[in-house]
Every structure is written in structure tokens, then in C-alpha cells.
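K.L.:
In the numbering used here, the protein residues as written are 8 to 145.
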Amino acid sequence: MDTQLEGFLNTLGEAERAGGRVLHELTAEARALELRELLKKAGHDEGYYAGELSAHVRRLGGIASNKTGDFVEKVRAVGGFRAKLELLNRGQRWVIRKIEEQIPTIADPELRAFLSVMAKGHHVNIGALEEALKEGLL
Ligand SMILES: [Fe+2]
8 MDTQLEGFLN TLGEAERAGG RVLHELTAEA RALELRELLK KAGHDEGYYA
58 GELSAHVRRL GGIASNKTGD FVEKVRAVGG FRAKLELLNR GQRWVIRKIE
108 EQIPTIADPE LRAFLSVMAK GHHVNIGALE EALKEGLL
């Protein structure tokens with residue numbers, strides 16, 4: 008497969024794996040039950056996206072990375088639960104930007120559809136977390 012596309016999908020997969028790990032850690036820290044549920048669900052989404060990205064890489068003849076991105080360490084290094092959640096949302100916005108940049112260059116229709124749904128799912132989870140933060144759930 009195209010090495011640029013393989014690299015892009017693997018970078019995204021590593022970021023999603025990191026996001027899943029971060030969300031798992033933050034879920035355990037959340038006191039508000041609704042926030043905890045929201046983080047748990049977003050973490051499952053990240054795991055799903057990571058798995059699907061690997062599947063697309065393999066389907067297209069590439070080698071799927073199983074690494075975890077350095078975002079985990081970045082979030083761990085931030086002090087304060089709220090600041091960690093805000094960094095999480097910035098990371099999620101980065102994922103949307105990267106997808107939007109790449110989609111016009113992607114010819115494979117299944118991959119395009121998946122990435123488009125993945126970007127929309129990120130919008131939903133970002134919005135839900137923003138709302139929870141506005142409501143003061145921590
Ligand atoms: Fe993500």
C-alpha cells in the first residue's frame with residue numbers, strides 16, 4: 008500500500024490507542040457518574056477506531072502498528088483533572104483536523120467512509136465533554 012497512507016493510518020491508530028488509554032485512566036478519576044460514563048464510552052470509541060484503522064491497513068496490504076502514541080505521557084504530565092480533560096479534547100480536535108486534511112487524497116471508498124464517521128464521532132465526544140465541563144461535572 009501507499010507508504011504515506013500507511014504512515015498516516017498508523018499514526019492515527021497510535022493516537023487512538025493513546026486516547027483509549029488516557030480515557031481509561033481519566034474514567035477512574037472522574038467522580039461525577041455521568042462524566043465517568045461519558046469518558047468510558049469515549050474510551051471504547053477510541054479502542055474501536057484503533058482496531059478499525061489496523062484492519063484497514065491490513066486490508067490495503069500494509070503492516071499495522073500496534074504502538075501507543077506519546078499522548079498518554081503528555082496527559083499524565085498535566086496537573087489537574089480539568090486540565091487533563093481539556094488537553095484530551097485538544098487532542099481529539101487534532102485527530103479531526105488530520106482526517107479532514109487527508110480525506111480528499113484518499114481513493115478507497117470504504118476507508119473514506121470510515122474516516123468520515125470517525126471524525127463525526129470525535130465531534131460528538133468533544134461536544135459531550137465540553138457540555139459536561141460547562142455543567143461543572145468533574
Ligand atoms: Fe480519538
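Idealized CB from N, CA, C, for every residue including glycine.
These numbers were taken from a predicted model, which means no experiment stands behind them.
Does the beta carbon of tyrosine 55 fall short of 8 Å from some heavy atom of ligand 2?
P.N.:
The model depicted lacks ligand 2 and carries ligand 1 instead.
K.L.:
Restricting to Cα atoms, I'd like to know which of His63, Arg83 and Lys47 is closest to leucine 12.
P.N.:
Here residue 12 refers to the residue found at position 5 when the sequence shown is read from its first residue. For the residues His63, Arg83 and Lys47, the minimum Cα distance to leucine 12 belongs to His63.
K.L.:
Output needed for valine 79: all residues of its chain with C-beta closer than 7 Å, excluding positions within five of it in sequence on either side, in chain order.
P.N.:
What you label residue 79 is simply residue 72 of the sequence shown in a count that begins at 1. Answer for valine 79: Ala25, Arg28 and Val29, listed in chain order.
K.L.:
For histidine 129, is the classification buried or exposed, using 16 other Cβ atoms within 10 angstroms of its Cβ as the cut-off for buried?
P.N.:
Within the sequence shown, the letter at position 122 stands for residue 129. Histidine 129 should be labelled buried.
K.L.:
In whole angstroms, what is the alpha-carbon distance linking glycine 14 and valine 85?
P.N.:
As a working mapping, residue 14 is identified with position 7 in the sequence shown. As a working mapping, residue 85 is identified with position 78 in the sequence shown. The alpha-carbon of glycine 14 is positioned some 28 Å away from that of valine 85.
K.L.:
Please state the DSSP three-state secondary structure of alanine 71.
P.N.:
One-based indexing of the sequence shown puts residue 71 at position 64. In this structure, alanine 71 counts as coil in the three-state DSSP scheme.
K.L.:
For isoleucine 106, does the count of other Cβ atoms within 10 angstroms reach 16, so buried, or fall short, so exposed?
P.N.:
Here residue 106 is taken as the residue at index 99 of the sequence shown, counted from 1. Isoleucine 106 should be labelled buried.
K.L.:
Say the cut is 8 Å; is the CB of glutamine 109 nearer than that to a heavy atom of ligand 1?
P.N.:
Taking the first residue of the sequence shown as position 1, residue 109 is located at position 102. No, Cβ of glutamine 109 sits at least 8 Å from all heavy atoms of ligand 1.
K.L.:
Could you name the residues of the same chain whose beta carbon sits closer than 6 Å to that of glycine 98, not counting the 5 residues immediately before and after it, in chain order?
P.N.:
Reading the sequence shown from its first residue, position 91 is the one you call residue 98. Answer for glycine 98: Phe78, listed in chain order.
K.L.:
With DSSP as the reference, label aspartate 52 as helix, strand or coil.
P.N.:
Within the sequence shown, numbered from 1, the residue matching residue 52 stands at position 45. Correct three-state label for aspartate 52: helix.
K.L.:
For threonine 75, which residues of its own chain have a beta-carbon under 8 Å away from its beta-carbon, when the five flanking residues on both sides are left out?
P.N.:
Along the sequence shown, read from residue 1 onward, the residue named residue 75 stands at position 68. These residues qualify, in order along the chain: Glu21, Arg24, Ala25 and Arg28.
K.L.:
So does aspartate 77 have its beta carbon nearer than 8 Å to some heavy atom of ligand 1?
P.N.:
Within the sequence shown, residue 77 is the residue found at index 70, counting from 1. Aspartate 77 Cβ: outside cutoff for every heavy atom of ligand 1.
K.L.:
Nearer than 8 Å: is that true of the beta carbon of alanine 139 relative to any heavy atom of ligand 1?
P.N.:
Residue numbering aside, residue 139 sits at position 132 when the sequence shown is read from its first letter. Taking 8 Å as the cut-off, the C-beta of alanine 139 does not count as close to any heavy atom of ligand 1.
K.L.:
Give the secondary structure of leucine 42 by DSSP, where H, G and I count as helix, E and B as strand, and everything else as coil.
P.N.:
Locating residue 42 in the sequence shown gives position 35, counting from the first residue. Correct three-state label for leucine 42: helix.
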